[in-house]
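According to mature numbering (1 follows the signal peptide of the UniProt record, and there is no 0), the sequence shown holds residues -17 to -1, 1 to 244 in order.
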Amino acid sequence: MHFTSIFTVALAALASAQSPVGYVPSVSQSLNVRYGNQTIKANQTLTQAASSVAPVIGLNGTANGTYIVALVDLSIPLALARSATNATLVAGLGANRTTRLHWLQTGVRQSSNGSFTWNTTALAPYGGPMPPAGDVPHTYAFYLYRQPSADFTLPSRVNYTDLRTTNRINYNLTALTAAVGNAPIAANYFLVQNTNSSATAPAANRTTAAPTTSSTAASTARPTNASTTPAVTPARGAAAANGVAAGVFALVGVAGAVLLL
């Protein structure tokens, strides 16, 4: 009976998870995400085309104050990342995976219909998913944070304006959580797999961005690129696996002419 109860509780926890199971931070409240006419459910599979433009996001119920939303790919192959000597790589989902920032927007407020709007420029303009051809499905996770104050700003030592910048690789959600000072209150995630024989960037990654976009975001460290692939195997979702001391983002480059992820 005791085992059955534990198993039942575990299943309920998995069913209620709105962030990827086994990854930190873990969130149970759902962030409403709509691409076009399609409202996504956690772990739903989308096409690159369907997710190439920033979605409409919102919460059920009243959400007073100001918020921050981040979208991160948790499935970047470490084989595509280069690190500086002694640099710490952020663990993604599964062995030999790291992360990439796809969107970071501050100044988000709820409108009368429950959806969020903003009139501030994005710290990282929205760039649609573009996993490598032939790779496993990539997991793209949204996290919504309460912004400490309307005039709150994140450290701005790294520029994420360019959708192709390597600064977005190895993005540390634990450091973002520390910088904001609170855990995310809502989340959602979806999967995208590139089944083409060759990858082509969605329009959002080539020339366009989400409404009200722009410049920089939180980081206090940017290692210099090295010439060798890091020999590490991050554990899936380990709390310590997000790797960098609180408030520090270890940022690494991407090997050669690698397509956007």
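We put the beta carbon where it would ideally sit given N, CA and C, even for glycine.
Does the Cβ of arginine 151 have 16 or more other Cβ atoms within 10 Å, making it buried, or fewer, making it exposed?
-> The residue you call residue 151 lines up with position 168 of the sequence shown. Flag for arginine 151 reads buried.
Would you report the Cα separation of histidine 121 and asparagine 96, rounded to the nearest angstrom?
-> On the sequence shown, residue 121 is found 138 positions in, with the first residue counted as 1. On the sequence shown, residue 96 is found 113 positions in, with the first residue counted as 1. Spanning the alpha carbons of histidine 121 and asparagine 96 requires a straight line of approximately 31 Å.
Just grab the DSSP bridge partners of glycine 164 for me.
-> The residue given as residue 164 occupies position 181 in the sequence shown. In the DSSP assignment, glycine 164 is bridged to no other residue.
Report the rounded CA-to-CA distance for proline 108 versus alanine 124, giving the unit in angstroms.
-> Against the sequence shown, residue 108 aligns to sequence position 125. Against the sequence shown, residue 124 aligns to sequence position 141. So the alpha carbons of these two residues sit roughly 16 Å apart.
How long is the line joining the alpha carbons of glutamine 1 and methionine 113, rounded to whole angstroms?
-> The residue given as residue 1 occupies position 18 in the sequence shown. The residue given as residue 113 occupies position 130 in the sequence shown. Computed Cα separation, rounded: 22 Å.
Rounded Cβ spacing between asparagine 171 and isoleucine 23 (contact assumed at less than 8 Å) | Translated into the one-based positions of the sequence shown, residue 171 becomes position 188. Translated into the one-based positions of the sequence shown, residue 23 becomes position 40. Confirmed, Cβ separation roughly 6 Å.
Is it true that the CB of tyrosine 128 sits closer than 7 Å to the CB of valine 163?
-> Within the sequence shown, residue 163 is the residue found at index 180, counting from 1. Within the sequence shown, residue 128 is the residue found at index 145, counting from 1. Yes, Cβ-Cβ distance for valine 163 and tyrosine 128 is below 7 Å.
Between the C-alpha atoms of threonine 81 and leucine 61, what's the straight-line distance to the nearest angstrom?
-> Start at 1 with the first residue of the sequence shown, and residue 81 comes out as number 98. Start at 1 with the first residue of the sequence shown, and residue 61 comes out as number 78. Near 6 Å, if we compare the C-alpha coordinates of leucine 61 and threonine 81.
Distance CB(valine 55)-CB(tyrosine 143) smaller than 7 Å = Residue numbering aside, residue 55 sits at position 72 when the sequence shown is read from its first letter. Residue numbering aside, residue 143 sits at position 160 when the sequence shown is read from its first letter. Taking 7 Å as the Cβ cut-off, valine 55 and tyrosine 143 do not qualify as a contacting pair.
Beta-carbon gap between glutamine 12 and alanine 169 smaller than 7 Å | Sequence index remark: in the sequence shown, residue 12 carries index 29 (1-based). Sequence index remark: in the sequence shown, residue 169 carries index 186 (1-based). With contacts defined as CB atoms closer than 7 Å, glutamine 12 and alanine 169 qualify as a contacting pair.
Kindly provide the ranges of any alpha helix (DSSP H) runs that are 4 or more residues long and lie completely inside the stretch 72 to 153, ordered along the chain.
-> The qualifying runs do not exist here; there are none.
Considering only the beta carbon of each residue, do glutamine 93 and alanine 46 sit closer than 7 Å?
-> For this step, residue 93 is matched to residue 110 along the sequence shown. For this step, residue 46 is matched to residue 63 along the sequence shown. Taking 7 Å as the Cβ cut-off, glutamine 93 and alanine 46 qualify as a contacting pair.
Between valine 175 and glutamine 31, is the Cβ-Cβ spacing less than 7 Å?
-> Taking the first residue of the sequence shown as 1, we reach residue 175 at position 192. Taking the first residue of the sequence shown as 1, we reach residue 31 at position 48. Yes, the Cβ-Cβ distance between valine 175 and glutamine 31 is below 7 Å.
Alpha-carbon to alpha-carbon, glycine 41 and threonine 136 = Working through the sequence shown from its first residue, we reach residue 136 at position 153. Working through the sequence shown from its first residue, we reach residue 41 at position 58. C-alpha of threonine 136 to C-alpha of glycine 41: approximately 22 Å in a straight line.
Over the uninterrupted beta strand (DSSP E) stretch that includes serine 58, give me the two end residues.
-> Residue mapping note: residue 58 aligns to position 75 of the sequence shown, counting from 1. Where serine 58 is concerned, the enclosing beta strand (DSSP E) stretches over 50 to 60.
Answer yes or no: do proline 3 and tyrosine 18 have a C-beta to C-beta separation smaller than 7 Å?
-> Taking the sequence shown and counting its residues from 1, the one referred to as residue 3 is at position 20. Taking the sequence shown and counting its residues from 1, the one referred to as residue 18 is at position 35. The Cβ atoms of proline 3 and tyrosine 18 lie no closer than 7 Å to each other.
Is glycine 111 near serine 35, with beta carbons less than 7 Å apart?
-> On the sequence shown, residue 111 is found 128 positions in, with the first residue counted as 1. On the sequence shown, residue 35 is found 52 positions in, with the first residue counted as 1. Cβ distance < 7 Å, so glycine 111 and serine 35 count as in contact.
C-alpha gap between aspartate 145 and asparagine 102, whole angstroms = Numbered from its first residue, the sequence shown carries residue 145 at position 162. Numbered from its first residue, the sequence shown carries residue 102 at position 119. Cα-Cα distance, rounded: 20 Å.
According to DSSP, which residues form a beta bridge with serine 11?
-> Here residue 11 is taken as the residue at index 28 of the sequence shown, counted from 1. None; serine 11 has no bridge partner.
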